[in-house]
Amino acid sequence: MVDVVWKPGDQKPRLSLLKGDVYRPDILQIIEKTINELSPALRELSQDILDHPELKFEERHAHDVYTAFVEKQGFVVQRHYLLETAWVATYSRGQGGPVLGVNSEMDALPGIGHACGHNLIGIAGVAIACAAKAAMEKLGIDGKVILLGTPGEEGGYGKVKLWEKGAYEEMDVCLICHPAPGPPHSVSLSSCLAVVRLQVDFVGHTAHAGLSPWEGQNALDAAVLAYTSIGLLRQQTKPTHRIHGIFQGKDWAPNVIPDNSTMYWYVRAPTTKEALETAEQVKACFHGLNASIILGAELADVICKHYGTVDYEWGISSASTDFRSFNFYDVALTLVLVMPGLHPGFSIPTVPNGGNHTPAFTEAAGTIEAHEACLDVSKALAAVGMRVLTDDTFLSNVKSAFETAKMARGD
C-alpha cells in the first residue's frame, strides 16, 4: 500500500455533465438529499465512536449509540442480535420484494483505536440504509433493508459468526465499504487477500535459568527458531503473498526457562488455494473478496458520473476482511457461497507512512475530509442498493453472474 498526501483544499471533480446520468436520477437525488441532511448527525456519531474505541466483541458503547440512532430514523431495531454486541435494524415496505443487506463495523484495534476507520465504515452503513429507506418511502418502492451492526472484524470474524447463526440468510446482496489511503476522491474496486490464521503452541519444561538450565526445555527458543525460519522463508514467497506474526508467553521470567510459548501467524495470498498451500496447519480460513462484477460496474458508473474516480490498485488490496462476496469456509474447510456482495475501498486524506493500522490513520479517520469522502461513497453504494431493489433484470444479472463465477471456481 502506498500512502499519499491529500490536501484538504483540493477541488472535488463533478463529472455528471460530461458523462451523462445514472440509473434513476430521481432515486439518487433523494439519496443525496437524505445523506446531506444527515451529515451533521452522522459526523457527530462518527466522532463519538472514534472517541470511544472498543475492542472486538466489547463494542457496548457503539452498540448503544448506533441502535439509538437508527431507531430514531424509523428502523425496527433488535439489540444484542445473535451476539452480545451485534444488532440489526430493518425497514420493510409492501409485500415481498428484494432484500438489501448493509454492514456497519464497530470494533477498534488494541492501542491505536480506529486505525482502520471503522467509525467511517459504521456511519457509511447507517447512511446507506437511511438513504435507501427514504427512497423507498418517497417513491413507493417495495422491498426490505437489513442493516447489521457487525462486531469483531479485527481478528474476531464477527460476520462469519453471524452468518453461522443465520443473520445473512434473507439478503439478496450485501454492501460495505472501507477507507484507505489513495488518490483524492477515489473509490477502489481492488480485491482483498485470502488469509489463513495459524496458532502454534510450544510446550517445554521449566528450570532455573542460572542454576540448572540444562534441566529445562525452552519453549521460547522453539518460538525464536520458528520465527527465524519463517523470516528466511519470506525470501522464497511471491511478492503477492504476506506472512506475518508474533509470539508471546505466559508467566515468563528472565531467570526461568520458559515452558510455554504461543505464536500467532497470518498467511495471506490472492487466492485461498495459494494461502492454504503456504500454511501447514489451518485454524481459520477466509477466502479473498470476489466482489460482484456487475455491482462493481454499477458503483463505478455512479462514482465516475457524480463523485470522483475509480481505481483497481489502491484501497485494501493487500489486506483481508471477514466480508468478501460472502464466501465462507466452515470448520471442515468446505466453501460455502452465500450471496453477491460489494466491498469497495475509498480514499481519505493521509500523511506519508500513515496508512491503515497506524496512529496517523486513526487521526485521519476523524477529519472532515474523511467524513465527506465516506458520505460520497455511501451515496453511490445506496444508489447501487436501490437498483437492486428496483431493477429486477439487474438483480437477476447480478445473481446469474455470481452463480457463473461459483461454477467456474468449482465450488
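Heads up: the sequence shown at position 364 corresponds to 364 in UniProt numbering, and the numbers run straight through without jumps.
Using N, Cα and C, we set each Cβ at its ideal position, and we do this for glycine too.
- For Gly156, there is no enclosing beta strand (DSSP E), as DSSP marks it with neither H nor E.
- Distances from the alpha-carbon of Ala124 to those of Arg242, Ala108, Lys379, His52 put Lys379 closest.
- A Cβ-Cβ contact shorter than 9 Å links Pro179 with Ile348.
- In the displayed model, Leu295 falls within a helix according to three-state DSSP.
- The C-beta of Lys144 has 16 or more other C-beta atoms within 10 Å across all chains shown, which makes the residue buried.
- DSSP places His306 in the helix class (H, G or I) of the three-state scheme.
- Taking a C-beta distance under 9 Å as the contact criterion, Tyr264 and Ile246 qualify as a contact pair.
- In the DSSP assignment, the residues bridged to His208 are Val256.
- Under the three-state reduction of DSSP output, Lys144 falls in the strand class.
- A Cβ-Cβ separation of about 6 Å places Gly149 in contact with Met106 under the 8 Å criterion.
- Exclusion of the five residues before and after Ile294 leaves Asn397, Val398, Ala401 as the residues of its chain whose Cβ lies within less than 7 Å of its Cβ.
- Collapsing the DSSP output to three states places Ala365 in coil.
- Take Leu220, set aside five residues on each side of it, and the residues of its chain with a beta-carbon closer than 6 Å to its own are Pro258, Ser261, in chain order.
- Within its own chain, the residues whose Cβ lies closer than 6 Å to the Cβ of Gly101, once the five positions on either side in sequence are excluded, are Ile146, Met171, Cys174, listed in chain order.
- Judged by DSSP secondary structure, Pro179 falls within the beta strand (DSSP E) whose first and last residues are 178 to 180.
- For Thr206, same chain residues with a beta-carbon under 7 Å away, outside a window of 5 residues either side, are Gly216, Val256, Ile257, Asp259 in chain order.
- Ile112 places its beta carbon 9 Å or farther from that of Pro352.
- If you draw a straight line from the Cα of His118 to the Cα of Trp214, it is about 50 Å long.
- Separation of Thr309 and Asp392 (C-alpha to C-alpha, rounded to the nearest whole angstrom) is 27 Å.
- Cβ contact annotation for Ala129 (same chain, cutoff 6 Å, sequence separation greater than five): Val102, Val145, Leu147, in chain order.
- By the C-beta criterion, the stretch 26 to 34 is judged not to be in contact with the stretch 359 to 370, since fewer than 3 inter-stretch pairs fall below 8 Å.
- Assignment of beta-bridge partners to His244 by DSSP yields Tyr266.
- In the DSSP assignment, Val351 falls outside any beta strand (DSSP E) and carries neither an H nor an E.
- Buried is the label assigned to Ile35, since at least 16 other Cβ atoms lie within 10 Å of its Cβ.
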